[in-house]
Each structure stands twice: as structure tokens, then as C-alpha cells.
Amino acid sequence: MGSDFYQLSILPFAGIIIKICRAYTNSQEDFEDYYQEVCLQIWRSKDNFNQQSEWSTWIYRISLNVCLTYLKRRKSGSREIISDTLPEEAIDDSKAFVSDEINELYSAIKHLSETDRAVILLYLEEKSYQEIADIIGSNSNNIGVRITRIKDKLNTILNKKD
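For the record, in the sequence shown the residue sitting at position 31 is 75 according to this note's numbering, with numbers rising by one throughout.
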């Protein structure tokens, strides 16, 4: 992967990738593997980007697809992620996740279904209902109802920990 492509097309969206990978992993090692794999898949599929959506939407889709695919593979026992270490820039961004409140929220999010995790992460990124629907393959009418239900679930989970 070219350094220029990483610097211009991936690094500005590292926060998105980090948040999604974090929601689908339980260890630093897995997080780093997922992050590397997402970056690789973005690079591999860059020529397929047809500009019908924003680049950030494309990043979300690839990130979610990679995480969901590898989560399913882990459940079935196979593992094929190739990784060295995270680039320094990504490590610097991941320092945003050291607060207890954020850790509690991510812990609660991990109790949600795979699709609900994707929806709430996109909602937390202030994506519109239509953007969320486009990314996860749903319709915008369902998203509002789903978000309300997810918030209720998260409240229940977070209040049980108190």
C-alpha cells in the first residue's frame, strides 16, 4: 500500500476505522489485526469506489464488512488476518479511548447484536438515518425505531453495572 494513499485516503478516516474495529474486538491484538485488515481491504477495493456515496461511507462499509466477516470466521474457528503493528498515526488516535465512560460504553455496545453495533456506531458518528440505512443495507424508516430500541438496551446494560 502506498504511503501517499494511506496518508490521504485512510489516515483522515482512522477514527472511523478505530471505532468500528474496537466495537468488534476484545483485545489489543485483535484490534490491531482488524485495523490492518480494514486498511488492506480499503486499498484493494479503491478502484471499485464508484463515487455514488461519500468516501467516508465507503470506509464505513468496508470496515463493517471486514469486522463482521472476521467475527464470523472467529466464531467458526478459522483465522486468516495478517498483521504487523499499527502505524504510529493510528496508535496516537487510539489514545482517545482511555476514559472509563468510553470503555463502559464500548463494553455495553459489545453486548448488542452485530447489526445493532453497526447502527449505534454510525449514529454516534452523527450519520443521518439515510446514511446509516445505506451503509447497513436497510431503509431509513427502520433506523429511527432501531436506534430507540438500541438506546433502551444500552441504558439497561449500563444501569445493571451501577
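Virtual Cβ for every residue (Gly too), placed ideally from N, Cα, C. Source: prediction; values computed, not measured.
Helix, strand or coil, according to DSSP, for residue i in the structure here?
i	result
Tyr50	helix
Asp136	The predicted model places Asp136 with a pLDDT of 46, which falls under 50 and marks its position as unreliable; any figure quoted below should be read in that light. Residue state, collapsed to three classes: helix.
Arg123	Only weak support is given to the placement of Arg123: the predicted model assigns it a pLDDT of 45, under 50, and the value that follows is read from those uncertain coordinates. Reduced to three states, the DSSP call for Arg123 is coil.
Tyr104	helix
Ser157	coil
Thr200	helix
Thr192	helix
Thr69	coil
Asn186	helix
Starting from residue i, trace the alpha helix (DSSP H) both ways and give me its first and last residue.
i	result
Glu175	173-180
Glu145	144-153
Ser89	72-89
Glu98	Element bounds for Glu98: n/a, residue is neither H nor E.
Glu169	Where Glu169 is concerned, there is no enclosing alpha helix (DSSP H), given that its DSSP letter is neither H nor E.
Use the C-beta contact count for residue i: other C-beta atoms within 10 angstroms, 16 or more gives buried, fewer gives exposed.
i	result
Ser53	buried
Arg193	exposed
Asp77	buried
Lys63	buried
Val189	exposed
Lys171	buried
Ser89	exposed
Ile146	exposed
Asp178	buried
Ser107	buried
When the distance is taken between beta carbons, is residue j closer than 8 Å to residue i?
i	j	result
Phe75	Cys65	yes
Ile201	Ala152	yes
Tyr114	Glu81	yes
Thr101	Glu158	no
Leu165	Ala67	yes
Trp99	Phe49	no
Tyr173	Ser184	yes
Glu169	Ile60	yes
Lys197	Leu156	yes
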